[in-house]
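Colleague:
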Amino acid sequence: MEFGKLALLGFGPEGWGLVLVRAGLMTLAVSVAAFVFGLGLGILIAWARIGGNAVLRRLAEVYVVVLRGVPDILVIYLFYFGGRQVVTAIGTGLGFEGPFDISGFVAGMLAIGLISAAGQSEVLRGAYQAVPKGMVEAGRVVGMTRLTLFRRVIAPQAMTTALPGMGNQWQSVIKETALVSVTGLVETMRQVSVAAGTTQEHFLFYAAGAVIYLCITTVSDQIFRFAERRSLRGHPQGGM
Amino acid sequence: MTDAVETKAVGPALSITGLRKTFGANEVLRGIDLSARDGDVISMIGASGSGKSTLLRCIPMLEIPDSGTVTVGEDSLSPKGGRLTRAEEATARRMRGHLGFVFQNFNLWTHRTVLQNVIEAPLFVQNRSRAEAVDEATALLEKVGLAEKRDAWPAHLSGGQQQRVAIARALAQRPRAILFDEPTSALDPELVGEVLKVIRSLAEEGRTLLIVTHEMGFARDVSSRVVLLHQGQIEEDGTPEQVFANPRSDRARAFLSGHFDRTR
Numbered sequence: 001m002e003f004g005k006l007a008l009l010g011f012g013p014e015g016w017g018l019v020l021v022r023a024g025l026m027t028l029a030v031s032v033a034a035f036v037f038g039l040g041l042g043i044l045i046a047w048a049r050i051g052g053n054a055v056l057r058r059l060a061e062v063y064v065v066v067l068r069g070v071p072d073i074l075v076i077y078l079f080y081f082g083g084r085q086v087v088t089a090i091g092t093g094l095g096f097e098g099p100f101d102i103s104g105f106v107a108g109m110l111a112i113g114l115i116s117a118a119g120q121s122e123v124l125r126g127a128y129q130a131v132p133k134g135m136v137e138a139g140r141v142v143g144m145t146r147l148t149l150f151r152r153v154i155a156p157q158a159m160t161t162a163l164p165g166m167g168n169q170w171q172s173v174i175k176e177t178a179l180v181s182v183t184g185l186v187e188t189m190r191q192v193s194v195a196a197g198t199t200q201e202h203f204l205f206y207a208a209g210a211v212i213y214l215c216i217t218t219v220s221d222q223i224f225r226f227a228e229r230r231s232l233r234g235h236p237q238g239g240m
Numbered sequence: 001m002t003d004a005v006e007t008k009a010v011g012p013a014l015s016i017t018g019l020r021k022t023f024g025a026n027e028v029l030r031g032i033d034l035s036a037r038d039g040d041v042i043s044m045i046g047a048s049g050s051g052k053s054t055l056l057r058c059i060p061m062l063e064i065p066d067s068g069t070v071t072v073g074e075d076s077l078s079p080k081g082g083r084l085t086r087a088e089e090a091t092a093r094r095m096r097g098h099l100g101f102v103f104q105n106f107n108l109w110t111h112r113t114v115l116q117n118v119i120e121a122p123l124f125v126q127n128r129s130r131a132e133a134v135d136e137a138t139a140l141l142e143k144v145g146l147a148e149k150r151d152a153w154p155a156h157l158s159g160g161q162q163q164r165v166a167i168a169r170a171l172a173q174r175p176r177a178i179l180f181d182e183p184t185s186a187l188d189p190e191l192v193g194e195v196l197k198v199i200r201s202l203a204e205e206g207r208t209l210l211i212v213t214h215e216m217g218f219a220r221d222v223s224s225r226v227v228l229l230h231q232g233q234i235e236e237d238g239t240p241e242q243v244f245a246n247p248r249s250d251r252a253r254a255f256l257s258g259h260f261d262r263t264r
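Protein chains in written order, with our numbering: chain Y, 1 to 240; chain U, 1 to 264.
1. Compare the C-beta of U/Phe101 against all C-beta atoms of chain Y and say whether one is closer than 7 Å.
2. Could you please give the first and the last residue of the uninterrupted alpha helix (DSSP H) stretch that includes Y/Lys175?
3. Interface residues of chain Y around U/Phe124 at Cβ under 8 Å?
4. Starting from the beta carbon of Y/Thr160, find every residue of chain U whose beta carbon is closer than 8 Å, and list them in chain order.
5. Buried or exposed: U/Pro189, going by 16 or more other Cβ atoms within 10 Å of its Cβ?
6. With DSSP as the reference, identify every bridge partner of U/Leu19, one or two as the case may be.
7. Checking contacts by CB at 7 Å: is U/Asn127 closer than that to chain Y?
8. Please list the residues of the stretch 44–76 of chain U that have a C-beta atom closer than 7 Å to any C-beta atom in chain Y, keeping them in chain order.
9. Confirm, please, whether the CB-CB distance from Y/Ile73 to Y/Leu163 is below 7 Å.
10. Could you check what DSSP says for Y/Val62 in three-state terms: helix, strand or coil?
11. State the Cα-Cα distance for the pair Y/Leu257 and Y/Val123, rounded to the nearest angstrom.
12. Within 6 Å: the Cβ of U/Leu191 and any heavy atom of the ligand ADP?
13. Figure out for me which residue from Y/Val131, Y/Ala130 and Y/Thr160 has the closest Cα to the Cα of Y/Arg233.
14. Between the stretch 216–224 of chain U and the stretch 58–66 of chain U, are three or more C-beta pairs nearer than 8 Å?
15. What are the uninterrupted segments assigned as alpha helix (DSSP H) that are 4 or more residues long and contained completely in the stretch 152–229 of chain U, given in chain order?
16. So, is U/Gln116 buried or exposed, given that buried needs 16 or more other C-beta atoms within 10 angstroms?
17. U/Asn117 by DSSP, collapsed to three states: which one?
18. Residues in its own chain within less than 6 Å of U/Val114 by CB, not counting five upstream and five downstream?
19. Could you say if the stretch 196–211 of chain U and the stretch 20–40 of chain U meet the contact criterion of at least three C-beta pairs nearer than 8 Å?
20. Whole angstroms are fine: how far does the CA of Y/Gly167 sit from the CA of Y/Ala227?
21. Report the rounded CA-to-CA distance for U/Ile45 versus U/Arg83, giving the unit in angstroms.
22. Expressed to the nearest angstrom, what Euclidean distance is found between the alpha-carbon atoms of U/Asp3 and U/Ala177?
23. Assign Y/Lys133 to buried or exposed, taking buried as 16 or more other Cβ atoms, counted over all protein chains shown, within 10 Å of its Cβ.
24. Starting from U/Ile234, trace the beta strand (DSSP E) both ways and give me its first and last residue.
25. Among Y/Leu214, Y/Glu176, Y/Val21 and Y/Gln200, whose alpha-carbon lies nearest the alpha-carbon of Y/Lys5?
26. What does DSSP give as the partner residues of U/Ser67 in its beta bridges?
27. Measuring CB atoms only, is the stretch 121–128 of chain U touching the stretch 228–241 of chain U, in the sense that at least three cross pairs come out at less than 8 Å?
28. Of the choices Y/Gly119, Y/Val141, Y/Asp221 and Y/Met135, whose alpha-carbon is the least far from that of Y/Leu41?
29. Apply the 10 Å Cβ neighbour rule to U/Ala245 and answer buried if 16 or more other Cβ atoms are within range, or exposed otherwise.
30. Below 8 Å on the Cβ atoms is my guess for Y/Leu241 versus Y/Gly108; work out the distance and round it to an integer in Å.
31. Just to make sure I have the definition right: I need the residues of chain U whose C-beta is within less than 9 Å of the C-beta of Y/Pro164. Which are they?
32. Which partner residues of U/Val144 appear in the DSSP bridge assignment?
33. When the Cα atoms are used, what is the spatial distance from Y/Ile154 to U/Pro154?
34. Run through chain U and tell me which residues come within less than 8 Å of Y/Glu137, C-beta to C-beta.
35. Check whether the Cβ of Y/Pro156 lies closer than 7 Å to any Cβ atom in chain U.
36. Around the Cβ of U/Thr54, are there at least 16 other Cβ atoms within 10 angstroms (buried) or fewer (exposed)?
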């Protein structure tokens with residue numbers, strides 16, 4: 001590959017630089033939205049499995065089993081194409097005029113969030129169960145309410161255990177967003193394949209795509225490591 | 001805030017009547033009656049499995065008794081069926097607020113510094129001001145000899161130091177009585193003395209203490225009363241002289257002689 005081809009990645013008139021940066025930001029946006037949605041749902045599922053009644057517990061278990069046992073791309077198709085069908089049915093039922101659409105961003109966020117919720121709930125549940133019983137008793141015995149106990153003892157203790165697992169969940173979410181490209185949403189994967197097709201420089205653009213993903217994952221890995229070190233303060237295994 | 005002098009005027013600091021507790025098929029407590037006046041220092045001794053730790057844990061409802069009544073100050077609970085209702089849970093929290101509890105394994109909160117451990121209950125249970133809580137905690141840490149460790153993490157302290165922090169944490173609640181569940185059993189032998197010294201100083205201040213212990217010499221020296229449990233029942237209850245020198249029952253005699261033979 002001659003050196004001049006790198007100009008294709010630049011920010012000049014011929015360059016795809018700006019477009020790629022924008023696509024990278026879109027990947028980040030879908031990832032954050034999906035992760036946060038997954039976290040909210042994951043907390044609810046973990047709570048149902050720990051403290052819910054028999055029915056809630058069973059429902060939560062089934063949810064986790066189903067979402068972990070089905071290919072991620074199927075869930076995305078289900079939401080994007082299936083979701084469009086459902087929205088259309090509801091829309092026409094209510095007497096509105098079509099065409100109805102569901103955006104790739106929303107479908108992708110929902111699908112990946114739902115998948116991630118299953119994994120995140122497992123991490124959170126494990127972390128909750130790993131909180132030393134003695135520390136919980138120490139909180140109860142000074143007269144803490146359940147809420148205070150959760151806020152002051154259980155949550156901070158569980159967070160330390162959960163952070164590495166949550167870091168992994170976040171990495172998975174970033175990589176899964178590549179699947180959202182099937183909806184036509186212009187995120188990194190979609191953009192590099194368009195660029196590769198247009199310029200016929202497949203190697204160059206897919207390599208550029210890899211670099212974009214690596215930038216996002218490496219930076220977030222550093223952030224999680226920092227948070228982990230902070231939360232390990234006071235623990236025998238170190239921290240700052 | 002309750003006025004300590006006023007509450008001390010009425011009734012015993014705590015009392016237990018007809019307490020029973022079963023774990024599965026194992027009847028651990030078989031009708032215990034015990035009460036402590038303010039200023040009593042009661043040591044509870046007995047073989048492992050005699051129920052003494054379970055009895056202590058029933059007082060703040062860490063274990064819920066099957067039947068019987070626990071009274072702490074003006075609050076009283078007679079739970080049924082090994083569970084607490086929502087209202088009973090609130091009463092239990094009030095009772096816990098009047099009791100300090102020191103665990104065998106210290107159970108300090110590892111994510112908080114020494115000082116933060118001590119001010120936690122004053123701030124987040126009793127809603128006292130931070131300045132007041134910190135002042136009092138600083139004085140308490142001084143009292144247990146750990147003023148210079150206030151910003152250390154629990155994991156960086158020795159077992160003896162951790163237990164002394166746990167005692168300061170219990171004192172910070174301004175409790176009417178402090179319960180000790182084998183406070184030196186998890187310690188290396190050379191660290192036992194420093195903890196016993198702190199407990200002894202509390203006894204000398206006239207605090208109300210209930211101590212489950214295997215340290216017979218200590219029990220004999222500091223207690224105003226010694227209670228010996230055997231298979232979930234109180235076998236002996238009297239002054240240290242009565243229980244150690246002239247035990248009434250053969251079982252007590254056997255337990256005590258075995259113990260002193262081994263340790264002396």
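Glycine is no exception: its CB is placed at the ideal position from the N, C-alpha and C atoms. What you are looking at is a predicted structure, and each value in this text was computed from that prediction instead of being measured.
Modeller: Straight from the coordinates:
1. Closer than 7 Å: yes.
2. Ala155 to Glu176
3. Met144, Thr148 and Arg152
4. Within chain U, the residues near Y/Thr160 are His111.
5. exposed
6. U/Ile32
7. no
8. Pro60 and Leu62
9. no
10. helix
11. Here chain Y covers residues 1 to 240 and nothing more, so residue 257 of chain Y does not appear.
12. Here there are no bound small molecules, and the ligand ADP is not part of this structure.
13. Ranking Y/Val131, Y/Ala130 and Y/Thr160 by Cα distance to Y/Arg233 puts Y/Thr160 first.
14. no
15. 159–171, 189–204 and 216–222
16. That one is buried.
17. helix
18. Lys149, Arg150, Ala152 and Val165
19. yes
20. 10 Å
21. 28 Å
22. Its pLDDT being 44, under 50, U/Asp3 is placed unreliably in this model, and the coordinates cannot settle the point.
23. Exposed: under 16 other Cβ atoms inside 10 Å.
24. Run containing U/Ile234: Gln233 to Gly238, per the beta strand (DSSP E) assignment.
25. Y/Gln200
26. According to DSSP, U/Ser67 bridges with U/Arg20.
27. no
28. Y/Gly119
29. exposed
30. Since the displayed chain Y opens at 1 and closes at 240, residue 241 of chain Y lies outside it and no answer follows.
31. Residues of chain U passing the Cβ test: none, with the nearest at roughly 16 Å.
32. For U/Val144, which the question treats as bridged, DSSP gives no partner whatsoever.
33. 17 Å
34. Leu62, Phe103 and Asn107
35. yes
36. buried
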